[in-house]
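This report refers to the structure that appears directly beneath it.
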Amino acid sequence: MLTSVAYAAENIPILSKINAEIVNPIIQLLIAAAVVVFIYGMIQMVRGEDDARNAGKRHALWGIIGIFIMVSVFGILNVICNTIGCN
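Per numbering that gives the first Met the number 0, the sequence shown starts with residue 0, numbered consecutively.
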């Protein structure tokens with residue numbers, strides 16, 4: 000089928016716009032939230048008692064896990080976007 004008849008290339012600009020204007024800012028916001036959770040956990044670990052230290056360790060761990068997941072999602076989406084050519 001011809002691309003002009005099937006309109007095969009029409010979805011790429013839409014995907015590029017969705018990726019640039021919606022998905023990337025959401026991922027960046029979630030990365031920032033994970034960094035805040037990590038920093039909050041580190042502050043709790045330094046300033047707190049034993050219970051607060053344990054809670055701070057958990058917050059720091061979950062902050063690192065969140066950062067890792069969000070950076071991984073960001074990378075995977077960019078690889079997919081570059082593969083299909085939606086830049």
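The C-beta atom is built at its ideal place from N, Cα and C for all residues, glycine as well.
Going by the beta-carbon positions, is the gap between residue i and residue j smaller than 8 Å?
| i | j | result |
| --- | --- | --- |
| Cys85 | Leu14 | yes |
| Gly62 | Gly55 | no |
| Met44 | Arg52 | yes |
| Asn18 | Leu60 | no |
| Ile26 | Phe67 | no |
| Val70 | Ile30 | yes |
Can you tell me whether residue i sits near the ligand COA, meaning its C-beta is under 7 Å from at least one heavy atom of the ligand?
| i | result |
| --- | --- |
| Arg57 | Judged by which ligands are present, the structure shown has none, so any question about the ligand COA falls away. |
Among residues of its own chain, excluding the 5 on either side of residue i, which ones have a beta-carbon nearer than 6 Å to its beta-carbon?
| i | result |
| --- | --- |
| Gly65 | Ala33 |
| Val35 | none |
Rounded to the nearest angstrom, what separates residue i and residue j at their Cα positions?
| i | j | result |
| --- | --- | --- |
| Asp79 | Ile11 | Just to set this straight, residue 79 is Ile in the shown sequence, not Asp. Each residue's alpha carbon lies about 12 Å from the other. |
| Ile83 | Arg57 | 39 Å |
| Asp50 | Asn23 | 37 Å |
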